[in-house]
Amino acid sequence: MEKILGTEVVIENIPGAGGQKGASTVYRADPDGYTIGIWNVPGLTVPQLLGRSSGYDLTDVTWIANLATSKYALAVNPDSDFESLEDLCAQDEPFKHSDTGPASTSSVTARIAMSVIDCPIQNVTGYKGSTDTIIGLMRGEVDATIKPIASLRKYAESGDVEIIMTFEDEPSMEGIPTSTELGYDQFANFDLRRIVGGPPGIPADITEKLSAAIIEAANSEAVQEWSESTGRPLDAVGAEEASQIMSNLMDFYSTYKDVLAE
9 MEKILGTEVV IENIPGAGGQ KGASTVYRAD PDGYTIGIWN VPGLTVPQLL GRSSGYDLTD
69 VTWIANLATS KYALAVNPDS DFESLEDLCA QDEPFKHSDT GPASTSSVTA RIAMSVIDCP
129 IQNVTGYKGS TDTIIGLMRG EVDATIKPIA SLRKYAESGD VEIIMTFEDE PSMEGIPTST
189 ELGYDQFANF DLRRIVGGPP GIPADITEKL SAAIIEAANS EAVQEWSEST GRPLDAVGAE
249 EASQIMSNLM DFYSTYKDVL AE
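Heads up: the sequence shown begins at 9 in our numbering, then just goes up one per residue.
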């Protein structure tokens, strides 16, 4: 984007409250196009769906682009006796799942997906980020974790975790069954969207300029090479499509408000 726009792009990671702190920081910025952010959805939809204060209103965010869509996988400690989701659900106690907080995308996915099949789950929160939740699994603090495939892949390849299922219709990892193959057709509906948005009121011409720059950057040779080498696919689309995606996601997850409120 620096090359395309001819200006410096400064990346600032803002952890806290499952991404809500970063989202509210972007939301409160001046609507001049100089402050934008990557919103991890569905996690950031939860506070608003439940009527809780979050520091932002998703209906007012200026949506600029959808950068990537990530599918999830279920991983366990390779030294455990768990070989399947059935093993996790068959315990006398709810299986322990690590996440960063109730508004995190993995927490939303875990709670809704497990409610669909009546599998008891206990979310263990307090981890600072996805890497910490995976390390918690490696330490044996939890039974399992649900994370994007790209986040788990290197740990699986090193033998530190074992992926026992992906939340997909079509397999993307050799030898790992998909949720659809195992009979959990609904699970493929749950994924992680990396949607780029800015504060309310960014002028349309600036929004379109940013949107075009993101798409051009995402499709550039250098970025595509990085995407393929890291196993992190990009599917960049523009502002209009991103706005429609957000509208559809809000409608979809609103049907699970009772589960999210528990």
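Note that CB positions come from ideal geometry on N, CA and C, so glycine has one too.
- Residue 78 and residue 181 have their C-alpha atoms some 14 Å from each other.
- Straight-line measurement puts the Cα of residue 118 at about 14 Å from the Cα of residue 266.
- With the rule of 3 Cβ pairs closer than 8 Å, the segment 201-221 counts as touching the segment 33-46.
- In chain order, 76, 226 and 235 place their CB closer than 6 Å to the CB of residue 242, counting only its own chain and leaving out the 5 sequence neighbours on each side.
- Non-local beta-carbon contacts of residue 74 in its own chain, meaning distances under 8 Å to residues more than five positions away in sequence, involve 201, 202, 203, 204, 243, 244, 245, 249, 250 and 253 in chain order.
- The Cβ atoms of residue 12 and residue 224 lie closer than 7 Å to each other.
- For residue 160, the secondary structure class from DSSP, reduced to helix, strand or coil, is helix.
- Proximity to residue 140 across 16, 230, 96 and 106 peaks at 106, based on C-alpha coordinates.
- In this structure, the alpha-carbon of residue 128 lies about 7 Å from that of residue 103.
- Listed in chain order, the non-local C-beta contacts of residue 177 below 7 Å within the same chain comprise 186, 188 and 196, local neighbours out to five positions each way being set aside.
- DSSP links residue 173 through a beta bridge to 82.
- Taking the Cβ atoms as the reference, residue 152 lies roughly 5 Å from residue 84, within the contact range of under 8 Å.
- Taking the CA atoms as reference points, residue 134 sits about 25 Å from residue 174.
- Assigned with DSSP and collapsed to three states, residue 155 falls in strand.
- In the same chain as residue 146, and ignoring 5 residues on each side of it, the C-beta atoms closer than 7 Å to its own belong to 85, 168 and 169, in chain order.
- Beta-bridge partners assigned by DSSP to residue 103: 129.
- Here the alpha carbons of residue 259 and residue 149 stand approximately 35 Å from one another.
- Collapsing the DSSP output to three states places residue 244 in coil.
- Remark: C-beta atoms of residue 51 and residue 112 approach each other more closely than 7 Å.
- Beta bridge pairing from DSSP links residue 48 with 202.
- Here residue 21 carries a coil assignment [DSSP, helix/strand/coil].
- Contact check for residue 138 against residue 159 passes: the beta carbons are separated by less than 7 Å.
- Relative to residue 97, the option among 222, 28 and 123 whose CA is nearest is 123.
- Looking only at 23, 101 and 110, the smallest Cα-Cα distance to residue 270 is reached by 110.
- Distance from residue 218 to residue 22 at the Cβ level is roughly 19 Å; contact not present, criterion being Cβ atoms closer than 8 Å.
- Put simply, of 40, 44, 18 and 17 the residue whose alpha carbon is nearest the alpha carbon of residue 30 is 44.
- Taken through DSSP and simplified to helix, strand or coil, residue 186 comes out as strand.
- Counting every other CB atom within 10 Å of its CB across the protein chains shown gives residue 26 a total of 16 or more, marking it as buried.
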